[in-house]
Amino acid sequence: MDILKKPVFDALDRMGIPYDVYEHPAVFTSEDAAAHWGDLDGTPVKNLFLRNKKGDREYLVILGIEKRADLRQLVKVIGDDRLSFGSAERLMATLGLTPGSVSPFGLLHPASPAVRVIIDTDLRGADRLIFHPNVNTSSVTISFGDLEKFLASRGNTVRYIRV
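Here's what the structure looks like:
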């Protein structure tokens, strides 16, 4: 088993969270991944790793794959200054991930407690969600309720906002 996936599966198992795993070729965007998710039981999502202008706050934004995040509008709603995508170096330092593998499971990384999580309110109605288990060659499905359980266990600030 890939050393990056094992901590994810161990954490889910420890918390009693059921999940399904699907292997696929490496994908680097949510659009690429969608080509392999056709038969999966779950709502495809994309995960954006963002930082504010000052560089003193990071955000993980989770939204449906069909949506585009309006960063200007998001700034107004969350009350921060300008947002931009975090660099590959910052992503590695904060979540222990590489571009193309961003997911809430990166919150298992020791440097992640300050990351603020924003979930699009439209996902609340989803039965199951599809994420990468810290690698872009697999996908995992878990229930929305179990995502909330996982996030609560990490202690990160979570906000629900219509993105």
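In this text, residue positions in the sequence shown follow this note's numbering: the first is 1, and each later residue adds one. Each residue gets a CB set at the ideal place from its N, CA and C atoms; glycine is no exception.
- The C-alpha of L123 lies about 14 Å from the C-alpha of V117.
- Put simply, of S101, G38 and L50 the residue whose alpha carbon is nearest the alpha carbon of G86 is L50.
- P113 counts as exposed, since fewer than 16 other C-beta atoms from the protein chains shown sit within 10 angstroms of its C-beta.
- The shortest CA-to-CA distance from P99 to any of H109, F28 and D56 is the one to F28.
- Within its own chain, the residues whose Cβ lies closer than 6 Å to the Cβ of V102, once the five positions on either side in sequence are excluded, are N47 and F49, listed in chain order.
- Setting aside the 5 residues that flank it on each side, A33 is surrounded in the same chain by V27, each with a C-beta closer than 6 Å to its C-beta; the list follows chain order.
- For V140, the closest C-alpha among the options D120, G42, P25 and F150 is that of G42.
- Annotated three-state conformation of I78 is helix, per DSSP.
- Excluding five sequence positions before and after R128, the CB atoms of its chain that fall closer than 8 Å to its own CB belong to D41, G42, T43, T141, I142, S143 and F144, given in chain order.
- The three-state reading of DSSP puts S139 in strand, counting E and B together.
- A distance below 8 Å separates the beta carbons of V45 and I62.
- For E148, the enclosing alpha helix (DSSP H) starts and ends at F144 to R154.
- Taking C-beta separations shorter than 6 Å and ignoring five residues to either side along the sequence, the partners of R162 in its chain run T121, following chain order.
- Under a 10 Å Cβ-count criterion, V135 is classified as buried, with 16 or more other Cβ atoms of the shown protein chains found around its own Cβ.
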